[in-house]
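So the sequence lines, in the order shown, correspond to chains S and P. Be aware that the first sequence starts at 1, since it is given in our numbering, and climbs by one per residue. Be aware that the second sequence starts at 1, since it is given in our numbering, and climbs by one per residue. Cβ atoms here follow ideal geometry from the backbone N, Cα and C, with glycine treated the same way. Please read the structure below before turning to the comments.
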Amino acid sequence: MRDHAALSEEFNKDEARVDWHDETLWFIRQKRDRAVHSIPEWEWLRETGSQIKNNVLSNLSAYLEQFEANALKNGIHVHWAADAQEHNEIVLSIMKRHQADRMVKSKSMLTEECHLNDFLAKNGVEVIDSDLGERIVQLAKEPPSHIVLPCIHKKKEEIGDLFHEHLGTAAGEADPQVLTEAARQHLRDTFLTRKVALTGVNFAIAETGEFVVCTNEGNADMGAHLSDVHIACMGIEKIIPERKHLSVFLRLLTRSATGQPITTYSSHFMKPREGQEMHIVLVDNGRSRQLGRPDFRNSLKCIRCGSCMNTCPVYRRSGGHSYHTTIAGPIGAILAPNLDMKDHADLPFASTLCGSCSNVCPVKIDIHDQLYKWRQVLVKEGHVDSVKAAGMKAMAYTFANPSVFEVAGKSGRWFMKNFPSLVSNRLNPWYKEREMPEPPKESFREWYSKNRKKV
Amino acid sequence: MSSKNSILTALKANQPDLLPLPSLAVPAAEPFSAKDIIEKFKTTIVTIGSRVFDVNNFDQIREIVVQQFIPPARIVSSLGELSDIAETNIADVNPHLLENIELAVLKAQLGVAENGALWVPEANMMQRVVPFICQHLALVVNRKDILANMHQAYEILGNSNTGFGAFIAGPSKTADIEQSLVLGAHGPRSLTVFIWG
Numbered sequence: 001m002r003d004h005a006a007l008s009e010e011f012n013k014d015e016a017r018v019d020w021h022d023e024t025l026w027f028i029r030q031k032r033d034r035a036v037h038s039i040p041e042w043e044w045l046r047e048t049g050s051q052i053k054n055n056v057l058s059n060l061s062a063y064l065e066q067f068e069a070n071a072l073k074n075g076i077h078v079h080w081a082a083d084a085q086e087h088n089e090i091v092l093s094i095m096k097r098h099q100a101d102r103m104v105k106s107k108s109m110l111t112e113e114c115h116l117n118d119f120l121a122k123n124g125v126e127v128i129d130s131d132l133g134e135r136i137v138q139l140a141k142e143p144p145s146h147i148v149l150p151c152i153h154k155k156k157e158e159i160g161d162l163f164h165e166h167l168g169t170a171a172g173e174a175d176p177q178v179l180t181e182a183a184r185q186h187l188r189d190t191f192l193t194r195k196v197a198l199t200g201v202n203f204a205i206a207e208t209g210e211f212v213v214c215t216n217e218g219n220a221d222m223g224a225h226l227s228d229v230h231i232a233c234m235g236i237e238k239i240i241p242e243r244k245h246l247s248v249f250l251r252l253l254t255r256s257a258t259g260q261p262i263t264t265y266s267s268h269f270m271k272p273r274e275g276q277e278m279h280i281v282l283v284d285n286g287r288s289r290q291l292g293r294p295d296f297r298n299s300l301k302c303i304r305c306g307s308c309m310n311t312c313p314v315y316r317r318s319g320g321h322s323y324h325t326t327i328a329g330p331i332g333a334i335l336a337p338n339l340d341m342k343d344h345a346d347l348p349f350a351s352t353l354c355g356s357c358s359n360v361c362p363v364k365i366d367i368h369d370q371l372y373k374w375r376q377v378l379v380k381e382g383h384v385d386s387v388k389a390a391g392m393k394a395m396a397y398t399f400a401n402p403s404v405f406e407v408a409g410k411s412g413r414w415f416m417k418n419f420p421s422l423v424s425n426r427l428n429p430w431y432k433e434r435e436m437p438e439p440p441k442e443s444f445r446e447w448y449s450k451n452r453k454k455v
Numbered sequence: 001m002s003s004k005n006s007i008l009t010a011l012k013a014n015q016p017d018l019l020p021l022p023s024l025a026v027p028a029a030e031p032f033s034a035k036d037i038i039e040k041f042k043t044t045i046v047t048i049g050s051r052v053f054d055v056n057n058f059d060q061i062r063e064i065v066v067q068q069f070i071p072p073a074r075i076v077s078s079l080g081e082l083s084d085i086a087e088t089n090i091a092d093v094n095p096h097l098l099e100n101i102e103l104a105v106l107k108a109q110l111g112v113a114e115n116g117a118l119w120v121p122e123a124n125m126m127q128r129v130v131p132f133i134c135q136h137l138a139l140v141v142n143r144k145d146i147l148a149n150m151h152q153a154y155e156i157l158g159n160s161n162t163g164f165g166a167f168i169a170g171p172s173k174t175a176d177i178e179q180s181l182v183l184g185a186h187g188p189r190s191l192t193v194f195i196w197g
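Right, here's the structure in full:
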């Protein structure tokens, strides 16, 4: 499997495209800033959101039981899934009970995490994603590259080609208005003909047993209200204690995500529609394990706004797919090692530790601190490649021994001056995309000891 | 052990000591007059792509509606006052047969100035799918039911169980293609808000 550096290199081959990707995401970060600066109590909102989530994590078992009891009272079926496999089996069993082989699905990063679409396809169930961005990446047979903006990596001309092939739009048509209209017509038919709709969950409320789904397109509602069976899938960390806490999170979520004051639709599902069957699947899939890691449990506070991606200098220039995990960017890099340390050992290193992610996080997750802490865990557990580990050891030895450091500095300067090709070549990763600096004539230490005598 | 028990056991073993819930009292914000709140509401609504009209009575609403929606356009409404131009009883209709609704005029319970969202409980939707499947949506909100922010809105909503309900802010939209904003993704292509009274 190729790691983040190798995949980024692939993405970086097209420089104009990297610039475009970078600027598009920074534009969204700027929209976020404008929205945030219009709220004088923003920092209070972040702190309050953070504290509510801290309370949730400290009492998650009780809130889940309370939520289940209230949802059952509301006539909703509740399922518990320990892992992705069990989640997928539960969804399939509901499909089978209703003899349904087609499903319409709105955005759910959890089902991406569980690879539900592949699983259902192997079992003869066709899934159509109804969020426009998700539908586009589905047609392209790619995973989403961003949790809020699934096809942010795609140019409109590429989308036009996909629609020409699959939806019959005119060849060369790339006008977003025209393409969106084509998707609207195509998906309307899907909404009207699917018995089963699956949605994600943004928030679930322990006190009332209801769940809230936020969309701009209205696709979750179109699917759910026209279906005979509505399945909602959620990670167990999506619970919040009381309905009034929604006021804090709905104020934070979309301003952080896209700079909108709120999503177009914030739908509160309390009971199934008359004659409809409603299911909730509560999924652990490693979350209870992450809760047991004091250094990393805060990552479970995430409300999936994506602001850490939009601001991240590495994400913006490497693209979501370079993270080779469902949730890309800084938050993904601290969530993924919990799922599989070996496969995702490269991700906490895909950061400059600049801290911008922690600054914009609406629930104050200490993302960059956790990236740094994961690096230490990963090295200790032996998941870092031997060249890097040996290099770090040599560097630590050099820095710890002044005389070795002096010799290393001197010889380094001498080699750079006399044999520049030794460092300015393709084998030196620091030489990629940049010129090496002129070697200084002397070290600071040499300069200091020379000049101190003058005073 | 069932998955429920194994998950709960793991959580109990791993969750930290109980941390308190914070107060939701918003720090002293600048006081807004009722007039300021209405103005803010209107500005926000227009910014997010909706139209807004001040009306004093249902005749004015009817007038604005019939100017733009000419029969045989199918109009439905939860407001009995509009029964001469709209179907007002579709409770028993198969939701799939609502696909050709051109305009739905529904009553919103309250509006929120900070984000332009209007709360519509299921009882005012005629059927759950109506505010989403219609080509155009109009919401009528009483002037006195416009609040400053979401905290006030949830104070009013309390813990009422209305089966279903939604905050609706603007027309259905997407910017998934190169961040170009397009109105009318899957739901209504336009939202008109009537501030009444």
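By the neighbour-count criterion, in which 16 or more other beta carbons inside 10 Å mark a residue as buried, E112 (chain S) falls on the buried side.
Following the DSSP letters along the chain, one finds H186 (chain S) in no beta strand (DSSP E) but inside the alpha helix (DSSP H) bounded by residues 176–193. Counting only runs of at least 4 residues, the region 240–312 of chain S fully encloses the following alpha helix (DSSP H) elements, listed from N- to C-terminal order: 246–257, 287–291, 307–311. Listed along the chain, the chain S residues whose CB falls inside 7 Å of the CB of R128 (chain P) are H225, R273.
Setting aside the 5 residues that flank it on each side, D22 (chain S) is surrounded in the same chain by R316, R317, each with a C-beta closer than 8 Å to its C-beta; the list follows chain order. Any Cβ of chain P closer than 7 Å to the Cβ of Y315 (chain S) would place that residue at the interface, and such an atom is absent.
As a beta-bridge residue in DSSP terms, G111 (chain P) pairs with P:L118, P:I146. Boundaries of the alpha helix (DSSP H) harbouring F58 (chain P): 58–68, taken from the DSSP string. Put simply, of S:K105, S:H146, S:M392 the residue whose alpha carbon is nearest the alpha carbon of V196 (chain S) is S:K105. Chain S has no Cβ within less than 7 Å of the Cβ of E87 (chain P). By a beta-carbon distance limit of 8 Å, N124 (chain P) contacts K107 (chain P). Their separation comes to about 5 Å. Within chain S, the residues K156, P176, Q177 have their CB atoms less than 8 Å from the CB of S180 (chain P), given in chain order. Here DSSP, grouped into helix, strand and coil, assigns S190 (chain P) to strand. Partner residues in a beta bridge of D228 (chain S), as assigned by DSSP, do not exist. Note: V36 (chain S) is not bridge-paired with any residue in the DSSP secondary-structure output. Taking 7 Å as the threshold, the shortest C-beta distance from R251 (chain S) to chain P falls below it. When secondary structure is reduced to three states using DSSP, H21 (chain S) falls in the helix class. Assigned with DSSP and collapsed to three states, A204 (chain S) falls in strand.
Between H368 (chain S) and S358 (chain S) the beta-carbon gap is near 5 Å, inside 8 Å, which marks them as a contact. In the structure shown, the three-state DSSP call for K441 (chain S) is coil.
Counting only the Cα atoms, N149 (chain P) lies some 24 Å from P20 (chain P). Relative to F349 (chain S), the option among S:N70, S:L110, S:Q370 whose CA is nearest is S:Q370. At a cut-off of 7 Å between beta-carbon atoms, Q15 (chain P) makes contact with chain S. DSSP places L181 (chain P) outside any beta strand (DSSP E), giving it a letter other than H or E. Spanning the alpha carbons of M126 (chain P) and I101 (chain P) requires a straight line of approximately 12 Å. Within the region 71–104 of chain P, P95, H96, E99 place their CB atoms closer than 8 Å to a CB of chain S, listed in sequence order. When the Cα atoms are used, V129 (chain P) and P22 (chain P) turn out to be separated by approximately 36 Å. When secondary structure is reduced to three states using DSSP, K454 (chain S) falls in the coil class, being assigned neither helix nor strand. Note that the C-beta distance between E242 (chain S) and L300 (chain S) is not below 7 Å.
For S160 (chain P), the closest Cβ of chain S is not nearer than 7 Å. For P437 (chain S), the closest C-alpha among the options S:D19, S:V423, S:T264 is that of S:V423.
Looking at the DSSP output, T174 (chain P) bridges to P:V182. The CB of A166 (chain P) comes closer than 8 Å to the CB of D221, Y265, S266, S267, H268 in chain S, given here in chain order. Contact annotation for L110 (chain S) against chain P: no contact, minimum CB-CB distance about 15 Å [criterion: below 7 Å]. Using a 10 angstroms sphere on the CB of L427 (chain S), the tally of other CB atoms stays under 16, which defines it as exposed. DSSP places G75 (chain S) in the coil class of the three-state scheme, outside both helix and strand.
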